[in-house]
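In this note's numbering, the protein residues as written are 14 to 852. Presented below is the structure to which this report refers.
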Amino acid sequence: MTQRIIKRIENYTKRLLEAQQNNSRIEEGRAYCNLGNAYYSLCDFQRAIEYHEKDLSIAKDVGDRAGEGRAYGNLGNAYDSLGDFQRAIEYHEKDLSIAKDVGDRAGEGKAYCNLGNAYLNLGDFQRAIEYHQKDLSIAKDVGDRAGEGRAYCNLGNAYDSLGDFQRAIEYHEKDLSIAKDVGDRAGEGKAYGNLGNAYDSLGDFQRAIEYHEKDLSIAKDVGDRAGEGKAYCNLGNAYLNLGDFQRAIEYHEKDLSIAKDVGDRAGEGKAYCNLGNAYLNLGDFQRAIEYHEKDLSIAKDVGDRAGEGKAYCNLGNAYLNLGDFQRAIEYHEKDLSIAKDVGDRAGEASAYYNLGISYLKLDSLNEALANFRLSVETHNTIRASLISKDVWKISYRTVAKNAYTYLWQVLIMLQKTNEALYAAEQGRAQALQDALEMKYDFPSFPHSCNKPEEEVTNISRKTSTLTTFLAIQNETINLWVLGKESNAVFRQAKLTMENVHEDSFAALLEASLKKIDAGVDVRCENRSLDKVSDNPAPKTRGDDRILEPSRRKTDWLQPLYDVVIGPIEDLLNCDELIVVPDGALSLAPWAALSESLRIRTVPSLGILKLITDSSADHHTKDGVLLVGDPSLEKVTDKRGRPIYKKLNYAKMEVEMIGEILNGQPLTGEAATKQEVLKRIESVALVHIAAHGRKETGEIALAPNPGWKSKNPNPREEEDYILKMSDIQATELRAKLVVLSCCHSGKGEVNSEGVVGMARAFLFAGARSVLVSLWAIDDEATIEFMKSFYQHLRAGESASHALQRAMKCLRDSENFSAPKYWAPFVLIGDDVTIQFDANH
């Protein structure tokens, strides 16, 4: 390939001389353009820039606006490759302006494409996606199938950077389909490579390898040596993730060999970088350093500032592993300097984080603190650019979680516990808090000009209900107790569990639930979407022991009680407690921890303040929506058999609630997704008893009218599955939402908290949500809900009604076992609903 490019350079040079002899300025400019592109292909970006600047000068002289725009675009690409993203953007904006002026729609799309890539490199994912969407729209308008594929490719890469790998895969599959349609074998290989990278990010390394091998095969078939090297590179990274470091090294050495053969200096540097990372994982730090120094040398030679910064970062990490913390700091400071120069905000945040870790290893806590604080501030700036895109904010916050965690941990080490609480709160449920700030139309804690210590004191004194904030650190749990009568009180407790190598608190919770067979052998028509048995489980009471009142908190939940309530028990001179949980404890059965305490949870202190400070007129005061046993008979398998069983008990449940509240339930075929979404925004109370999905709590409703599908796929589920995105798109005004479905409180636990249906309802504007943490027994749940709504109807608050319903089952003959009454958790405010006679 290199020989072909050199041959082209010879031809373009001849044309340049001919154009100069003939005094043909336009042809001279075109020759400079071609020479610039050729040197760009050789990764000689500086020489490429020299030729494109000559092309630009001639285009301006002869008044060739289209040629001027073309030159700006090429210069932008060259500077982008050099890591000078800000200058690249300046050139691409000039290209875009000219394309619009001369009416070049295809050129306009290409400019949007280039701008999107530049902003992606800057870490501004929101703006990158906006530009690639504009490119896609234009490609469709002008019928440019290849351009459409290019846009899908770039959108896929953007979503991959955001951590939204499923959407990335969707776009890369569209790119792949187009490449096949137009017969673009090289593009097909590139799409396979991108799909492989997405699956690699998802942790499906075997599938990633399959795609990278397809990419490799095509590259060999079409003679694309550079593409072949890239495929080897990706295969090496996949095997590195699998822990097969020797095979990873083999592939990266093949990539290195090809990069040398084709004269791809940038690719050669990248191969050295990957080899360095592989040897670092093998513990061969000296060899890792040798390779990263070679990468650094090449980055300097080709003028790749971003690559130079990355090499400094890798060298810093290598010396960190060697225990040479001072040298690690020197390299990370160089990385930081370059990140600032090229405007790479994500790289800047990463450099601050690495410096923080290095200073922490030196026990220089104040320096570590300063750098972790700067890392968090930079991450927050990037996050702010994502505007209202909830999924993107969650993904980005997960990427940046370590910086937030180390910030509050170092503050605790420095005994600055109030400031540590402030820092930990900053990183808690950020995306949900952003959404609620816009919904309730005012800023919340911790967005304040006060000092952290003053802000914590203020929120503590404004807290009418005793609140404890939890932060997990390995086997230590940090607890802050906030109450109106005093400042925040800080406590710590350690968890000791033998043979636990992962999350000890997750193991503690799992062991506690296992003791009571939570969700096992309950009489359940199976409200779970994930597993429907042909034979209903036999009725069982499970653990039928009726515990003595004094022991009811000291049996199965005693270990959990000891570490999360025990350390603050002397402060609990009340009958109500709000918990801000962390990590695995977000899925703990909090309301069941104590008979005497009414316990509910909130995702963060800021969200608690937002909900409690919101206007009394914001939430609806009357109206109920009762949904039970939505008909799913039309959802069938390939043989035409219904996939989901009827939920007769769920129907009985909402009919019973309807009698208590004087409300007409929505059941059977009438309980369609369309009808539920139509009614849900105008009521004070929502109760849904239906099938729920174990991973997210998403709910199966009756299919919308006209739905006749068999063997449903994910796209067809849109007509009957109530998803998180459906609820988040509504303007909910409900004071209370009750999700009487199996697993309705479940979801992915990450830095945002529990991302599931409960969060979706809070996001949409619900003031309070009652959910279940595991599969619920049908008969027990009817009894539970009967007691709950009788007390709610009598004017008691939701937490009082929950406490009384739990006691009702505990004291019953048939449902005293904890698995029947313990799964219910109240999230949000402690609401009281006034029911009038017209409901």
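By construction, the Cβ of each residue, glycine as well, lies at the ideal position given by its N, Cα and C atoms. Computed from a prediction, not measured in an experiment: that's the story for all the values here.
Could you give the C-beta distance for residue i and residue j, rounded to a whole number, given that I count them as a contact under 8 Å?
i: Ala605; j: Met737; result: No, Ala605 and Met737 are not in contact; Cβ-Cβ is about 26 Å, not under 8 Å.
i: Ile39; j: Asp77; result: 7 Å
i: His345; j: Asn367; result: 4 Å
i: Leu735; j: Lys686; result: 6 Å
i: Ala291; j: Gly242; result: With a Cβ gap of about 16 Å, Ala291 and Gly242 do not count as contacting.
i: Ala697; j: Ile846; result: 6 Å
i: Ser350; j: Gly369; result: That pair is no contact at about 16 Å.
i: Glu796; j: Phe828; result: 6 Å
i: Gly96; j: Asp317; result: 6 Å
i: Gly160; j: Ala152; result: 4 Å
Counting C-beta neighbours from all protein chains within 10 Å, is the total for residue i 16 or more, i.e. buried, or is it exposed?
i: Ala293; result: Reading off the sequence, residue 293 comes out as Leu, not Ala. Result: buried.
i: Arg613; result: buried
i: Lys123; result: buried
i: Arg654; result: exposed
i: Ser628; result: exposed
i: Arg17; result: exposed
i: Asp74; result: exposed
i: Thr481; result: buried
i: Ala433; result: buried
i: Ile853; result: The structure shown does not extend to residue 853, since the chain is modelled only from 14 through 852, so no value can be given for it.
i: Val115; result: exposed
i: Asp348; result: buried
i: Thr394; result: exposed
i: Cys587; result: exposed
i: Ser757; result: buried
i: Gly256; result: exposed
i: Pro716; result: buried
i: Leu375; result: exposed
Taking the C-alpha atoms as reference points, what is the distance between residue i and residue j?
i: Gly681; j: Ser644; result: 4 Å
i: Ile71; j: Glu31; result: 16 Å
i: His265; j: Leu288; result: 6 Å
i: Arg410; j: Arg396; result: 8 Å
i: Tyr132; j: Asn254; result: 28 Å
i: Pro831; j: Leu215; result: 37 Å
i: Leu639; j: Tyr662; result: 14 Å
i: Ile508; j: Asp268; result: Note that residue 508 corresponds to Leu in the displayed sequence, not to Ile. Roughly 48 Å between the two C-alpha positions.
i: Pro727; j: Asp824; result: Residue placement at Pro727 is flagged as unreliable, the pLDDT there being 42, under the threshold of 50; a coordinate-derived value is accordingly withheld.
i: Arg340; j: Asn330; result: 10 Å
i: Ala204; j: Tyr212; result: 12 Å
i: Glu730; j: Thr649; result: 12 Å
i: Cys755; j: Ile529; result: 17 Å
i: Asn379; j: Phe385; result: 10 Å
i: Gln439; j: Glu523; result: 29 Å
i: Glu201; j: Tyr104; result: 30 Å
i: Leu492; j: Ile620; result: 18 Å
i: Ala448; j: Leu623; result: 11 Å
i: Val195; j: Asn127; result: 23 Å
Measure the CB-CB distance between residue i and residue j and report whether it falls below 8 Å.
i: Tyr285; j: Tyr304; result: yes
i: Glu582; j: Leu610; result: no
i: Asp357; j: Ala413; result: no
i: Glu708; j: Lys759; result: yes
i: Ala580; j: Ala506; result: The question names Ala, but residue 580 is Pro in the sequence shown. Against a cut-off of 8 Å, the Cβ pair of Ala506 and Pro580 comes out as a contact.
i: Ser764; j: Gly841; result: no
i: Trp405; j: Phe178; result: no
i: Gly49; j: Asn87; result: yes
i: Glu809; j: Glu744; result: no
i: Phe338; j: Ser310; result: no
i: Ala531; j: Pro836; result: yes
i: Arg772; j: Gly766; result: yes
i: Arg746; j: Thr633; result: yes
i: Cys56; j: Ala279; result: yes
Does chain B have any CB closer than 8 Å to the CB of residue i?
i: Gly296; result: This model lacks chain B altogether, as it is built from one protein chain only.
**OP:** Please go through the region 87-138 and give each complete alpha helix (DSSP H) segment of 4 or more residues, from N-terminal end onward.
**Re:** Counting only runs of 4 or more, we get 98-115 and 118-134.
Subject >> Whole runs of the beta strand (DSSP E) within the region 142-167, excluding any shorter than 3 residues >> reply: Those beta strand (DSSP E) runs which fall completely within the region 142-167 and span 3+ residues do not exist here.
Original post:
At what residue ranges does the region 706-779 contain a whole run of the alpha helix (DSSP H), taking only runs of 4 or more?
Top reply: For the region 706-779, the continuous alpha helix (DSSP H) assignments of 4+ residues that do not extend past its boundaries occur at 737-741 and 770-777, in sequence order.
**OP:** Mind listing, in chain order, the continuous alpha helix (DSSP H) runs of no fewer than 4 residues lying wholly within the region 358-420?
**Re:** Within the region 358-420, the complete alpha helix (DSSP H) runs of at least 4 residues are 358-374, 378-397 and 403-412.
**OP:** Can you check the region 293-349 for any alpha helix (DSSP H) of at least 4 residues that lies completely inside it and give the ranges in chain order?
**Re:** Runs found: 298-315 and 318-335.
Original post:
What runs of the beta strand (DSSP E), each 3 residues or longer, lie entirely inside the region 675-699?
Top reply: Every unbroken stretch of the beta strand (DSSP E) spanning 3 or more residues and falling wholly within the region 675-699 is given here in chain order: 679-681.
Original post:
Which runs of the alpha helix (DSSP H) fall wholly inside the region 420-453 and span at least 4 residues, in chain order?
Top reply: Taken in chain order, the complete alpha helix (DSSP H) segments of 4 or more residues contained in the region 420-453 are 430-439 and 443-453.
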